[in-house]
Every structure is written in C-alpha cells, then in structure tokens.
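Enquirer:
Number of protein chains: 2
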Amino acid sequence: MLSKSQISFVNALHLKKNRKDQGLFLVEGIKSISEFINSKYQVDSIYCSGSSLKKFNDLSPSIKLHEISEPELKKISTLNTPQDALAIIRIPEKTPIRSESFLDKYTLILDGIQDPGNLGTIIRTADWFGFSQIVCSEDTVEAFNPKVVQASMGSLSRMAVHYVNLPSFIQELQLPVYGALLEGESVYTAKFDRPGLIVLGNEGKGISNGVIELITDTITIPKFGNAESLNVAVSASIICSEIKRRGL
Amino acid sequence: MLSKSQISFVNALHLKKNRKDQGLFLVEGIKSISEFINSKYQVDSIYCSGSSLKKFNDLSPSIKLHEISEPELKKISTLNTPQDALAIIRIPEKTPIRSESFLDKYTLILDGIQDPGNLGTIIRTADWFGFSQIVCSEDTVEAFNPKVVQASMGSLSRMAVHYVNLPSFIQELQLPVYGALLEGESVYTAKFDRPGLIVLGNEGKGISNGVIELITDTITIPKFGNAESLNVAVSASIICSEIKRRGL
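Going down the list, the sequences are from chains A and B.
Just so we're aligned, residue 3 is where the first sequence starts under this note's numbering, counting upward by one.
Just so we're aligned, residue 3 is where the second sequence starts under this note's numbering, counting upward by one.
(1) To the nearest angstrom, how far is it from the Cα of B/S5 to the Cα of A/L17?
(2) At least one CB of chain A closer than 8 Å to the CB of B/D129: is that the case?
(3) Does B/S36 pass the burial test, meaning 16 or more other C-beta atoms within 10 Å, or should it be called exposed?
(4) I need the DSSP call for B/F27, collapsed to helix, strand or coil.
(5) Excluding the 5 residues flanking A/N13 on each side, which residues of the same chain have their C-beta closer than 7 Å to its C-beta?
(6) Beta-carbon separation of A/I90 and A/L15 under 8 Å?
(7) Counting along the chain, where does the beta strand (DSSP E) carrying A/A87 start and finish?
(8) Mapping the DSSP letters down to three states, classify A/D195 as helix, strand or coil.
(9) Span of the alpha helix (DSSP H) holding B/T123?
(10) Between A/K33 and the rest of its own chain, which residues show a CB-CB distance below 7 Å, the 5 nearest in sequence each way excluded?
(11) Does the distance from the CB of A/L55 to the CB of A/I39 come in under 8 Å?
(12) Just how far apart, CA to CA, sit A/S134 and B/V143?
(13) Going by the DSSP bridge assignment, what does B/A162 pair with across the sheet?
(14) Is there a Cβ from chain B that is less than 8 Å from the Cβ of A/F194?
(15) With 16 other CB atoms within 10 Å as the buried threshold, where does A/M3 fall?
(16) Using a C-beta cutoff of 8 Å, does A/A235 count as contacting chain E?
(17) If we call anything under 8 Å between Cβ atoms a contact, is A/V213 one with A/I172?
(18) Measure the C-alpha to C-alpha separation of A/V163 and B/I240 and round it to an integer number of angstroms.
(19) Contact criterion: CB-CB distance below 8 Å. Does A/S243 meet it with respect to chain B?
(20) Could you check whether the Cβ of B/R92 sits closer than 8 Å to any Cβ belonging to chain A?
(21) Exposed or buried, B/E30, counting other C-beta atoms within 10 Å across all chains shown (16 or more means buried)?
(22) Below 8 Å CB to CB, which residues in the same chain sit around B/E174 once its five sequence neighbours on both sides are set aside?
(23) Around the C-beta of B/P118, are 16 or more other C-beta atoms found within 10 angstroms, so that it is buried, or is it exposed?
(24) Quick one: using the 10 Å Cβ neighbour count with 16 as the cut-off for buried, is B/D129 buried or exposed?
(25) How about B/K1: is its C-beta nearer than 8 Å to some C-beta of chain A?
(26) Residues in the segment 203-231 of chain B with C-beta within 8 Å of chain A's C-beta atoms, listed in sequence order?
(27) Where do the N-terminal and C-terminal ends of the alpha helix (DSSP H) with B/E95 fall, by residue?
(28) What does the alpha-carbon distance come out to for the pair A/P63 and A/C50?
(29) The alpha helix (DSSP H) spanning A/I172 covers which residue range?
(30) With 16 other CB atoms within 10 Å as the buried threshold, where does B/G25 fall?
(31) Examine chain B for any beta-carbon lying closer than 8 Å to the beta-carbon of A/Y190, and answer yes or no.
(32) Skipping 5 residues on each side, what residues in its chain have a beta carbon closer than 6 Å to that of B/V150?
(33) Along chain A, in chain order, which residues have C-beta atoms closer than 8 Å to that of B/K265?
(34) Among B/N167, B/R248, B/Q116 and B/A87, which one has its Cα closest to the Cα of B/V45?
(35) Just how far apart, CA to CA, sit B/F131 and B/V234?
(36) What distance in whole Å lies between the Cβ atoms of A/I200 and A/L110, which are believed to be in contact at a cut-off of 8 Å?
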C-alpha cells in the first residue's frame with residue numbers, strides 16, 4: 003500500500019528543486035535499478051510489484067522495499083507507461099575533479115545541452131565506447147532529470163558527470179580542445195595527435211562564445227546530403243566511434 | 003482569430019487515425035515549414051503570427067495563411083513550447099517502390115522502430131549523409147507522427163519513407179542484407195563489398211525473426227565499455243558515417 007505522504011514524497015522528486023533539496027533522484031525499471039544497486043550509488047528504497055521483491059532483496063537485503071500494485075506505480079511514475087519498479091536513489095556527493103584523470107584519454111565536454119534525451123543518450127553512448135566521465139557546463143540539463151536517467155539506460159550508474167564553469171575548467175587543463183563545429187577538419191582525417199577535450203555545443207546555439215575561443219582544433223562531420231545539422235547525441239556518437247575506430 | 007471548428011480540426015490531426023482519414027499532417031516551426039514549401043509536398047495552410055505572414059506569402063502566395071496569436075497557437079500545437087507557426091500539409095500519394103533505385107547504393111531498412119524521436123533522428127541523419135530513401139516495416143512508427151516530423155528537423159521533406167512487408171521486400175531485391183546486431187563483423191572492418199540493405203531492429207526486441215533469416219552479413223559496432231546496447235538512432239548514424247567515410 004502506498005500512503006498519501008509516500009505519493010507526494012516521490013512525486014516531489016519529479017522536480018529538480020526537490021531532488022536537490024532532498025539529495026535524492028528516481029530510477030525506473032528493474033534493469034536500470036539493478037545496475038544502480040551494483041554500482042557506487044546508494045539505493046534508498048524501491049517501490050515494486052510482489053514478483054520483483056525477491057529479486058531486489060537478493061541483490062541487496064539492506065534496501066527498503068515497498069510492494070505496490072500497478073495502478074499505485076502509475077501514481078508515482080515519471081513515465082506515461084510505467085515500468086515494473088521505481089527506486090529512490092541518493093545523489094552522490096560531488097567528487098572533486100582530478101586534472102590528471104583527463105591527461106591520457108579523450109573526454110566529452112558538453113556546453114549547454116538542453117534536451118534530457120540527448121544527455122541520456124550521450125551518457126549511454128559514452129559508456130558503450132568506454133569513456134568514464136563527462137564534463138558539462140553549469141547550464142547543461144541536470145543528469146538526475148528522470149528523462150536523462152531513462153535515456154541513459156543504466157549507464158548513468160557508471161559515468162561520472164561533472165558540472166563546472168567550462169571556460170575556467172578548460173583553461174586550467176591546458177589540453178587540446180577539439181570543438182565540433184559545422185566547419186572544420188573532417189573527423190575522418192583530423193589528426194587527434196594528443197588526447198584532449200571534445201566539445202559539443204547546445205542544440206540550437208552551438209558552442210558558447212567563452213568556450214569557442216578556447217578551441218585549438220575544429221572538427222566536423224562531413225555532410226553528404228542536405229540536412230542543416232546533426233542531432234548533438236548523433237554527433238557525439240560519431241566522434242566517439244571514430245576515435246575508438248582508430249584505437250585512440 | 004481561430005474558430006472552434008479550426009481548433010478541433012487541427013487538434014484531430016494530432017492523432018494518426020485522423021491524419022490517415024484526412025490525408026493531412028502537421029509541421030511546426032518556420033524553418034521546417036519553409037523546407038516543406040520548397041519540396042514536393044503540398045502545403046495546404048499555415049497558422050502563424052503576423053510577423054511571419056509576409057515571409058510565407060513571399061515563399062508561396064497560394065498557401066492559405068491564418069494570422070493567430072501566441073495563445074491561440076498553443077491551443078493547436080503538438081508541442082509543450084509551441085514554435086512560431088504551424089502548417090497543415092498533404093500526405094503525398096504512396097509512390098511505387100522502384101527496385102532499381104536500391105541497386106547501386108546503401109539503404110537503411112527499419113524493422114519495428116517504435117520511438118518517434120528515433121525515427122525522426124534517423125531521417126535527419128540519413129539526409130545529412132545523402133541517403134534519399136528509407137524502407138520501414140509496417141509496424142514501424144508512422145513518419146507523419148508529429149514527434150517524428152519534429153525530430154527530423156525538416157529532413158522528412160526530402161526523404162522518401164516507404165512502409166512495406168519487409169520479408170517480401172527484401173527477398174524480391176536479392177541484394178546483400180547487412181544486419182546490425184550485437185554480435186557480428188566489426189563495422190570498422192566489415193567488407194561492404196556490394197551496396198545493399200542495412201537493417202536496424204526494434205529498440206527492445208531487435209530485428210524480427212522473419213528478417214533475421216534474410217541477413218547475409220551481420221555487422222556490429224564494437225563495444226569498448228559497459229553499456230548493454232546503443233540507441234538505434236545512434237547505431238544507424240555510426241553505420242551511415244562509416245559507409246560514407248569509406249566513400250561507399
């Protein structure tokens with residue numbers, strides 16, 4: 003059974019302000035929840051059907067489990083078609099950024115990404131290609147937004163997503179800054195001769211002025227047809243793929 | 003001014019059944035609408051603010067233009083944040099599929115894609131990479147779904163999207179069938195020695211059994227990290243990019 007106060011507590015977490023105040027966020031679906039249980043995240047409680055109770059109890063006996071019906075799940079879910087379970091998970095303490103962790107590998111830098119589906123898809127793709135952290139501008143959509151979590155398909159449990167003042171962060175690192183733009187060196191022939199930062203900009207406005215200035219190498223995905231631009235998650239994916247294809 | 007009957011006529015087109023009955027669909031945003039005006043599509047009427055009236059009239063004086071206010075646009079828009087204009091456009095007559103148009107190029111085949119954002123993004127990406135047609139299984143989401151149109155960012159105006167019985171279609175063509183699966187030849191080293199069909203499957207269930215049997219070459223995007231799978235629009239994009247990178 004779901005009490006009124008439980009319903010309003012969970013529904014409050016649909017909103018960013020309350021997630022921040024409570025230090026909690028929501029993950030839905032048995033598969034994604036299991037990945038968070040098997041990660042560094044601390045799962046506080048799970049609302050699920052009776053058939054999933056045992057599975058979660060086996061995975062981690064310390065989690066508070068609440069058995070609820072499908073109609074009850076619909077009352078607290080962020081999804082139009084709720085999945086089988088909903089978990090409340092702690093937002094981890096901000097970990098300090100270690101400069102040395104960026105030295106020998108390529109890192110995705112997101113400058114003002116607004117669409118949660120795009121951020122979630124980028125997290126999922128970066129996880130597929132073996133990246134372990136992503137750095138976002140402060141105005142990038144929040145990683146614990148339910149739509150980001152959903153689109154990341156569990157990959158958020160393995161990806162450190164940092165929010166920083168991008169210009170200062172980039173200036174401090176002193177690494178090559180590869181900016182994805184509509185004009186530049188083809189990503190297929192660009193040298194990528196030293197690991198660095200790969201910057202992708204906002205869906206409509208692109209990379210912000212303060213960051214544009216810091217780009218050392220412009221890269222672009224060659225266009226063979228007529229679309230004016232590519233979706234930012236698609237661009238990120240093609241660049242990650244190309245870097246990995248070359249064994250970088 | 004927007005009459006009650008206009009509001010209900012446009013809102014009816016939010017639904018697939020009514021789009022099919024009326025042979026009409028909706029496109030929102032000045033930029034996308036302009037691309038449809040400059041295409042083979044027949045734009046029936048446009049609802050927009052006074053400031054856009056002249057622009058559309060210059061583009062095509064034959065279109066019926068209705069000046070409406072922002073709050074009125076909100077009443078007929080399919081978007082949470084309506085754009086500046088909404089157009090009603092004719093769904094074109096089905097063009098017969100010409101087998102010879104598949105012979106000398108690669109074509110994307112979509113088997114049961116459900117998410118409209120994914121289909122729209124695939125149309126946009128295919129347009130970027132110079133593909134001119136996409137073939138979908140009959141259970142793939144409808145190309146005139148407002149979310150598909152939105153995600154395609156105008157590219158739908160240039161892309162022929164066919165819906166067919168996939169197994170019969172594939173069998174008739176007698177071309178290589180490259181199936182994107184979680185296991186197979188790496189897309190980076192796959193031969194692609196003859197143009198053919200590139201098949202991508204449903205978001206959850208993958209390629210259907212009737213189509214799996216017809217695959218001649220399995221291809222896969224190598225995994226370097228931990229995500230279980232890639233988003234289907236991301237997979238399609240990486241494969242299109244790789245084919246074009248090699249000049250195929």
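For every residue, glycine included, the Cβ atom is placed at its ideal position computed from N, Cα and C.
A quick note: this is a predicted structure, and the numbers were derived from the prediction, not measured.
Expert: On the basis of the data shown:
(1) Taking the first residue of the second sequence as 1, we reach residue 5 of chain B at position 3. Taking the first residue of the first sequence as 1, we reach residue 17 of chain A at position 15. For B/S5 and A/L17, the distance between alpha carbons rounds to 36 Å.
(2) Your numbering for residue 129 of chain B matches position 127 in the second sequence. Chain A, which has a Cβ nearer than 8 Å to the Cβ of B/D129, makes this yes.
(3) Stepping through the second sequence from its first residue, residue 36 of chain B is reached at position 34. Looking at its Cβ environment, which holds 16 or more other Cβ atoms inside 10 Å, B/S36 is buried.
(4) As a working mapping, residue 27 of chain B is identified with position 25 in the second sequence. Judged by DSSP in its simplified three-state form, B/F27 adopts strand.
(5) Start at 1 with the first residue of the first sequence, and residue 13 of chain A comes out as number 11. Contacts found: I78.
(6) Within the first sequence, numbered from 1, the residue matching residue 90 of chain A stands at position 88. Within the first sequence, numbered from 1, the residue matching residue 15 of chain A stands at position 13. Cβ atoms of A/I90 and A/L15: closer than 8 Å.
(7) What you label residue 87 of chain A is simply residue 85 of the first sequence in a count that begins at 1. For A/A87, the enclosing beta strand (DSSP E) has its first and last residue at A87 to R92.
(8) As a position in the first sequence, residue 195 of chain A is number 193, starting the count at 1. In the structure shown, A/D195 falls within a coil segment according to DSSP collapsed to helix, strand and coil.
(9) Locating residue 123 of chain B in the second sequence gives position 121, where the first residue counts as 1. For B/T123, the enclosing alpha helix (DSSP H) starts and ends at P118 to W130.
(10) Your numbering for residue 33 of chain A matches position 31 in the first sequence. If we look at A/K33 and ignore the five residues flanking it on each side, its Cβ neighbours are G156.
(11) Start at 1 with the first residue of the first sequence, and residue 55 of chain A comes out as number 53. Start at 1 with the first residue of the first sequence, and residue 39 of chain A comes out as number 37. Going by C-beta atoms, A/L55 is not nearer than 8 Å to A/I39.
(12) Translated into the one-based positions of the first sequence, residue 134 of chain A becomes position 132. Translated into the one-based positions of the second sequence, residue 143 of chain B becomes position 141. If I take the Cα positions, the gap works out to 34 Å.
(13) Taking the first residue of the second sequence as position 1, residue 162 of chain B is located at position 160. B/Q135.
(14) For the purposes of this step, residue 194 of chain A is identified with residue 192 of the first sequence, where counting begins at 1. Output row for A/F194: interface = no.
(15) Working through the first sequence from its first residue, we reach residue 3 of chain A at position 1. Per the 10 Å Cβ criterion, exposed.
(16) Note that chain E does not occur in the displayed structure, where the protein chains are A and B.
(17) Along the first sequence, one-based indexing puts residue 213 of chain A at 211. Along the first sequence, one-based indexing puts residue 172 of chain A at 170. A distance below 8 Å separates the beta carbons of A/V213 and A/I172.
(18) The residue given as residue 163 of chain A occupies position 161 in the first sequence. The residue given as residue 240 of chain B occupies position 238 in the second sequence. Distance between the alpha carbons of A/V163 and B/I240 is about 24 Å.
(19) Along the first sequence, read from residue 1 onward, the residue named residue 243 of chain A stands at position 241. Chain B, which has a Cβ nearer than 8 Å to the Cβ of A/S243, makes this yes.
(20) Here residue 92 of chain B corresponds to residue number 90 of the second sequence, with the count starting at 1. At a cut-off of 8 Å between beta carbons, B/R92 makes no contact with chain A.
(21) The residue labelled residue 30 of chain B in the question sits at position 28 within the second sequence. Result: buried.
(22) Stepping through the second sequence from its first residue, residue 174 of chain B is reached at position 172. S101, listed in sequence order.
(23) The residue labelled residue 118 of chain B in the question sits at position 116 within the second sequence. That one is buried.
(24) For this step, residue 129 of chain B is matched to residue 127 along the second sequence. Buried.
(25) Lying outside 3 to 250, the shown extent of chain B, residue 1 of chain B is not represented and no answer is given.
(26) Within the segment 203-231 of chain B, the residues whose Cβ lies closer than 8 Å to some Cβ of chain A are I223, P224, K225, F226, G227, N228, A229, E230 and S231, listed in chain order.
(27) Counting from 1 along the second sequence, the entry for residue 95 of chain B is found at position 93. If you look at B/E95, you'll find it isn't in any alpha helix (DSSP H); DSSP assigns it neither H nor E.
(28) As a position in the first sequence, residue 63 of chain A is number 61, starting the count at 1. As a position in the first sequence, residue 50 of chain A is number 48, starting the count at 1. The straight-line gap from Cα to Cα measures roughly 15 Å.
(29) Indexing the first sequence from 1 puts residue 172 of chain A at position 170. Start and end: L168 to L175.
(30) Taking the second sequence and counting its residues from 1, one reaches residue 25 of chain B at position 23. Exposed is the call here.
(31) Walking along the first sequence from the start, residue 190 of chain A turns up at place 188. Closer than 8 Å to some Cβ of chain B, the Cβ of A/Y190 qualifies, so yes.
(32) In the second sequence, the residue the question calls residue 150 of chain B occupies position 148. Within the same chain, B/V150 has close Cβ partners P118, L121 and G122.
(33) Here chain B comprises residues numbered 3 to 250, so residue 265 of chain B is not present and cannot be evaluated.
(34) For the purposes of this step, residue 45 of chain B is identified with residue 43 of the second sequence, where counting begins at 1. Answer by Cα proximity: B/A87.
(35) Taking the first residue of the second sequence as position 1, residue 131 of chain B is located at position 129. Taking the first residue of the second sequence as position 1, residue 234 of chain B is located at position 232. Taking the straight line from one Cα to the other gives about 16 Å.
(36) Residue numbering aside, residue 110 of chain A sits at position 108 when the first sequence is read from its first letter. Residue numbering aside, residue 200 of chain A sits at position 198 when the first sequence is read from its first letter. Between A/L110 and A/I200, the beta carbon gap of about 5 Å places them in contact (Cβ cut-off 8 Å).
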